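Heads up: the sequence lines are chains L, Z and B, in that order.
According to our numbering, the residues represented by the first sequence are 1 to 263, in order.
According to our numbering, the residues represented by the second sequence are 1 to 392, in order.
According to our numbering, the residues represented by the third sequence are 1 to 446, in order.
All residues carry an ideal CB built from backbone N, CA and C; glycine is no exception.
This one's a predicted model, so the numbers in the text were calculated from it and none came from an experiment.
See structure below.
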Amino acid sequence: MNLAVFVKQVPDTAEADLVVAADGRSVRTGDAPLQLNEWDRFALEEAVLWKERTGGALTAFLVGPEEHEDALRRCLAVGADRAVRVWDPALPGQGPCAVARVLRAAVGDEPYDLFLCGAQAADDGFGLVGPLLAGELGIPSATLVNRLELQDGRVRCTRELEAGWGEVVDLDLPALVTIQTGINEPRYVSILGIRKARKKPIDLLGLGDVGLDDRRVGEAGSRLRVEAFAPPPAGREAEFLEGPPDAVARQVVDLLREKGGVL
Amino acid sequence: MARLADIDGNPVAERYELTACLQCGRCTGGCPVGLRSPLNSRRLLYEAVVREDGDALVARDEVWDCTACRTCSDRCPRELDPAAVIREIRTLKIEGGRIPTTAMDALESTLKHGNPWGRSRRRRTQWAEGLPVPSVEDGQESDRLWFVGCTPAYDPRCQAMARALARLFHAAGYAYTTLGTEEVCCGSEVLRLGELGLFEELLETNREALQGLEIREVVTTSPHCLTAFRTDYGLEIPVRHASQAVADLLDAGRLPLVRQAPLRVAFHDPCYLGRQSGVYDAPRRVLAAVPGVELVEFDRCRERSLCCEGGGGRMWLEGLGEGERNAQRRVRDAADLGVDAVVTACPFCLLTLEDARKTTGLEDTLEIVDLAELAARALDDPADGPGEEERS
Amino acid sequence: MEDNAYTALVVGAGIAGIQSALDLADAGVRVVLVERGDCVGGNMARLDKTFPTLDCSSCTLTPRTSEVARHPHVRLLTRTDLVAADPVPEGHRVRLRVRPRYVDPDACVSCGRCAEACRLAGRVPRTFDLGLGRGSAVDLPFPQAVPSAYAVDPDRCLHLTRGRCGRDGPRCVAACEVGAIRLDERPREETLTVGAVVVATGYDPYRPDHPDTGRPELGYGQYPEVITNLQFERLASASGPTGGQLRIAGRVPHRVAILQCVGSRDRTTGASYCSRVCCMASAKHALLARERLPGARVTVLYMDLRCFGRGYEEFLERAQRAGAVFRRGNPSEVYRRGDDLVVRFEDTLLGEASELPADLVVLAAGLRPAAGTAAVARLLGIGRGPDGFLAPADPRDPAPAGPGGVFLAGACAGPVDVPDAVASGSAAAAAALGHLVASAGREAAG
């Protein structure tokens, strides 16, 4: 089976000081360390599992600068056979449409059977690249997949809906799925494993290599433009419930019922 | 199928001369988790020799229960090293990617943030707010480094250890510096968990820092950092534990402990301070110098101290098996001894004993207190640093 | 011999008997040393190396065997049995039967032409090699044998069994250039009086293929790859059938299984007792196998590891560090699977039944009192224990068999290793000497 997985490196924002840029249109993450987008970890694990089960090859793709290459090293360490990074000075500032276009171009004519992405990215949270890429490729897609089964030439996807419900859709291959967290247990990638993966090459492509010009990508090619970022308004302080345990418990139960925390 | 081999493919039985194992069982007999866990070092060593299917050995999970206390290796009559074999198996599991999620998070956090607690590097010095703690980031140099450690720096309960130590050092006019937010994990637990690659990176980073600053002596808050620097890094410079530093300051008359801190205490010897580093007397010298403190020894003290199950990466591993945990046994023994508090000198011991105190219902009758915390109560001038909050 | 010298008979010229004989002879006693076999040295001569030092066995033994043959106070009689022993005031009046060697030991130059020429060359199982090697009807047990003279096997020699050897007569006679062959030699008897008798008749190895007490389930005698520990010594010896190369059934083994307690600690084999030496011997065999078969998997299947003597535990450790694997479990069965054998046992440390493939199986056969021990006991009035070995009247005074001037040395009184056999030989000699002196004193006192 020929598999492709698409990954993104995002900042770990836990305890990070996020500062809105002067022009209000981006967020500076400062020295927050980068990590593989959490949903992509599950997508990568799923891709590797299917590679192990069916034999075949896995290629990992990333659109990003050199500082983001660690994500691809991780893919190679875990079992990807090839890694491709696409970057060009024209690329920063683009929205999901342009990313999808770049990825589509990077995929080229290679006959993949299954394409996997994370359901969304932890930084911008659009959740669009997957479906847009499927559109560009002209193949069916399913999002928020938390269970995958391969059956002759088709893939049966269970999509995660609210309240524990799932929707099962069957897609003919080739198809694209965006992966929800919890579909599997991503394996640990050791430092030694990453070091060994340094021997595997990462193909670096520029726009010219993928046959795009800068009008179709970057901010110019994006159909979406970020106007402003703002931190969320500070809420009130937490409410302290006081009193004897029985009374407090009753208050908690009422609050849960009221605020919809209990079904 | 092949017998158990390390990550370079060398059979573990040959590398560690396991055919010399007499199968006497003394290792398993002394293992602190042996009564509760399926972990059986004797059996593991035997299986490493006789089983053709090494992969099946690696697939088993009981190795995660090991606390790396090294009782097994210390007591082996043929001087073999079961603790190392357990660590080899952990390394193989790490390379295979299958490790408990909690351990995974701790390792990835160490890589990203330089500490296993998922906390940001920038917050590493918050514990020192309001205290005169010199740091190289403020340009304060010294050839003595106080390596604070991740847990004393970040954990809310353990920050009191670091604060107390800072006050003691200040009162004694002790010269030292710290690495500030540049301090990264010593890698002790990373190594014990078996992540050799990550440990090597931490070792490199710390060695470079020490060399670059021309440090000639290291003092650590945690016995785990002590073991890492002394044993695993093979540093040529002296590395000492805070209890030794404080004991020496007391001997030199530089530390005036004059306020009464009346407390009947038992001292819990941490495995990594006592048995692994040979430091038993320094903490006791400190206790003897705190006015009002009366020491009652546990039956299982010094070399026979009961491992609290905090080492070997266990702070991030739940552990198999049911029944009483050692820390719970320890606090119950303390209650039987009739002491007011258990004193210890290790952040992991402190946390596991605090936990045990709560789960055994001894919260109101028994206190767990760090050695430095207790000593600092006896400091003369509260203006040495902001007073500590009421103990909770 | 001078008439007024002390005299002693030593029955058995293994290491214990030799030690007794030399100690007595050095003290001036006139010793008659009788040996039922063709040469002196007993079972120790069969060994390649001894534990725990791994000294070459014949290098340790040969100086003594030469000395005992040359000692002016020792008269050595091989192919000799004790047939009668009557107590007399001076000690014992003993009758010895000397079986013919059919070769004149003074004439024989040990050139070996007779054996080469023998019509049965290569067809006679060699007793010294415990059946592993093939020789002739006239043979020398091993190159350093003392006496250094060939001997004819009267049960195999065609001339002696059939009355004729081929059409042109015995080829050995024709081949011998010094005319040493004496096919017309007759047995003879000798009677003498001795002041003391030392019994050192030694042990025979347990036979796993014995019809009554054997262990047929181990495949000994059925599978060529199953041999005993003593046979392993012959394979390992430079004087053995393979010149010291560890080969069996035509190939070099690479999976060796050594099975402990075969014929010991086992009522089904008629021996509840422990044979004392096999744990160490097996550790030795395991170490030798690891050293001489690089990369071989060597496993010892044991119940206990009895390494009680000086240097023994350290020797065991040495064998273990050389990579010999010790697995606990008394093996139950050996059977064939394809080209290999499989040993079936429970690994009691794992609590699991297991199969161990092997292409060489060495049975650590236990020790039995040597054939003829019962007869000797009867002749000399010596007690025997429930285990069949000779027993002193007082177990706390093991050298004298009783008050009658008969003394016990070596394995005839229970399994012993070489150091203990030597010690007991000296103990018997000392006790015998004491007895001789005391008797003479009483006699002198009238």
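Worksheet entry | C-beta neighbour in chain Z for Leu-192(L), strict 7 Å | yes
Worksheet entry | Cutoff 6 Å; reference Gly-385(B); Cβ partners in own chain excluding five residues on either side | Ala-391
Item to complete: Check whether the Cβ of Met-104(Z) lies closer than 7 Å to any Cβ atom in chain L.
Response: Yes, because at least one Cβ of chain L sits closer than 7 Å to the Cβ of Met-104(Z).
Discussion item. Can you check which of these residues, Arg-284(Z), Leu-165(Z), Gly-361(Z) and Gly-312(Z), is closest to Val-63(Z) by C-alpha distance?
Written reply: Gly-312(Z)
Practice prompt. Could you check the C-alpha separation between Ala-289(Z) and Trp-39(L) for me, to the nearest Å?
Written response: 56 Å
Worksheet item: Who does Glu-367(Z) pair with in a DSSP beta bridge?
Response: Ala-341(Z)
Worksheet item: Would you say Thr-19(Z) reaches chain B, if we count a Cβ-Cβ gap shorter than 7 Å as a contact?
Response: yes
Worksheet entry | Ile-183(L) versus Met-1(L), Glu-136(L), Ser-26(L) and Arg-41(L), residue with shortest Cα-Cα distance | Arg-41(L)
Item to complete: Decide if Cys-59(B) is buried, meaning its Cβ has at least 16 other Cβ atoms within 10 Å, or exposed.
Response: exposed
Fill in: Cα-Cα separation between Trp-87(L) and Cys-117(L), rounded to whole angstroms
Near 19 Å, if we compare the C-alpha coordinates of Cys-117(L) and Trp-87(L).
Discussion item. If you reduce the DSSP assignment to three classes, tell me which class Ile-99(Z) lands in.
Written reply: coil
Worksheet item: What's the C-alpha gap between Arg-60(Z) and Pro-38(Z)?
Response: 10 Å
Fill in: Assigned exposure category for Met-1(Z) - 16 Cβ within 10 Å defines buried
exposed
Discussion item. Which runs of the beta strand (DSSP E) at least 3 residues long sit entirely within the segment 87-164 of chain L? Give them in chain order.
Written reply: 114-118, 141-151 and 154-160
Discussion item. What are the residues in the segment 111-145 of chain L lying within 7 Å of chain Z by C-beta distance?
Written reply: none
Fill in: C-beta atoms of Arg-251(B) and Pro-357(B) nearer than 7 Å
no
Item to complete: Please report the residue range of the alpha helix (DSSP H) in which Phe-42(L) lies.
Response: Going by DSSP, Phe-42(L) is part of the alpha helix (DSSP H) stretching over 38-54.
Worksheet entry | Whole-angstrom C-beta distance between Ser-120(Z) and Glu-15(L), which should lie under 8 Å | 4 Å
Item to complete: Please list the segments of the beta strand (DSSP E) lying wholly inside the segment 280-304 of chain B, counting only runs of 3 or more residues, in order along the chain.
Response: 297-302
Worksheet item: How about Ala-84(Z) and Arg-70(Z): do their beta carbons lie closer than 7 Å?
Response: no
Practice prompt. Within the same chain, show all residues whose beta-carbon is closer than 6 Å to that of Cys-274(B), passing over the 5 residues directly before and after it, in chain order.
Written response: The residues are Ser-264 and Arg-265.
Worksheet item: Cys-271(Z) by DSSP, collapsed to three states: which one?
Response: coil
Worksheet entry | Cutoff 7 Å: Ile-99(Z) Cβ touching any chain L Cβ | yes
Practice prompt. Whole angstroms is fine: what's the gap from Gly-295(B)'s alpha carbon to Val-48(L)'s?
Written response: Approximately 38 Å, taken between the alpha carbons.
Worksheet item: What is the residue span of the beta strand (DSSP E) that Tyr-312(B) lies within?
Response: Premise fails: Tyr-312(B) lies in the alpha helix (DSSP H), 312-321, not in any beta strand (DSSP E).
Item to complete: Name the two residues that bound the continuous beta strand (DSSP E) containing Ile-191(L).
Response: Per DSSP, Ile-191(L) belongs to no beta strand (DSSP E); it is in the alpha helix (DSSP H), 191-197.
Worksheet item: Tell me the DSSP bridge mates of Tyr-223(B)?
Response: Tyr-220(B)
Worksheet entry | beta strand (DSSP E) segment containing Arg-2(L), residue limits | The displayed chain sequence assigns Asn, not Arg, to residue 2(L). 2-7 is the span of the beta strand (DSSP E), which, as asked, contains Asn-2(L).
Worksheet item: Nearest-angstrom Cα distance between Leu-249(Z) and Val-286(Z)?
Response: 10 Å
Discussion item. Mapping the DSSP letters down to three states, classify Val-279(Z) as helix, strand or coil.
Written reply: coil
Worksheet item: Shorter than 7 Å from the beta carbon of Glu-15(L) to some beta carbon of chain Z?
Response: Using beta-carbon distances, Glu-15(L) counts as an interface residue toward chain Z, with a partner under 7 Å.
Worksheet item: Does the count of Cβ pairs from the segment 170-187 of chain Z and the segment 124-142 of chain Z closer than 8 Å reach three?
Response: yes
Fill in: Span separating the alpha-carbon of Val-33(Z) from that of Cys-307(Z)
9 Å
Worksheet item: Counting contacts by CB-CB distance shorter than 7 Å, is Lys-112(Z) in contact with chain L?
Response: Closer than 7 Å: yes.
Discussion item. Between which residues of its own chain and Asp-394(B) is the CB-CB distance below 7 Å, once the five residues before and five after are set aside?
Written reply: none
Worksheet item: Along the segment 78-98 of chain Z, what residues have a CB closer than 7 Å to any CB found in chain L?
Response: Contact residues of the segment 78-98 of chain Z toward chain L are Ile-94, Glu-95, Gly-97 and Arg-98 (C-beta to C-beta distance below 7 Å).
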